[in-house]
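Right, one structure below, let's go through it.
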Amino acid sequence: MDVSGLIELKYVVASLVYSGIGLLVFVIAFWLLDLLTPKVQVWKELCEKRNTAMAIFLGAVALGIAIIIASAIHG
15 MDVSGLIELK YVVASLVYSG IGLLVFVIAF WLLDLLTPKV QVWKELCEKR
65 NTAMAIFLGA VALGIAIIIA SAIHG
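To get my numbering, take the position in the sequence shown, counting from 1, and add 14.
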């Protein structure tokens, strides 16, 4: 069975490029969230204080940002 025709290189490259762009936008969005909330030290709240409410909030924000980025990339 010849599998060379199953996966084209241009689709693999496009997936990697869009994944990289999505990750970059995701990191920038979290950086902006941290920048826009100067009174709350996100890392300190999560790691040192073990703030469960902050972890749930950041998880929801992460999902929301990921859905928006995926929709924008997908079209």
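By construction, the Cβ of each residue, glycine as well, lies at the ideal position given by its N, Cα and C atoms. No experiment lies behind these values; they were computed from the predicted model shown.
Residue of the options minimising C-alpha distance to residue i
| i | options | result |
| --- | --- | --- |
| L47 | G34, L30, M68 | M68 |
Coil, strand or helix - residue i by DSSP
| i | result |
| --- | --- |
| E22 | coil |
| K63 | coil |
| K58 | helix |
Length of the line joining the Cα atoms of residue i and residue j
| i | j | result |
| --- | --- | --- |
| L39 | L20 | Before going further, note that residue 39 is Val rather than Leu in the sequence given. Straight-line Cα distance between these residues: approximately 30 Å. |
| P52 | W45 | 11 Å |
| I42 | E22 | 31 Å |
| I83 | L49 | 20 Å |
Any contact between the segment 26-38 and the segment 62-71? By contact I mean 3 or more CB pairs, one from each, below 8 Å. Taking one beta carbon from each stretch, the segment 26-38 and the segment 62-71 have fewer than 3 pairs nearer than 8 Å; the two do not touch.
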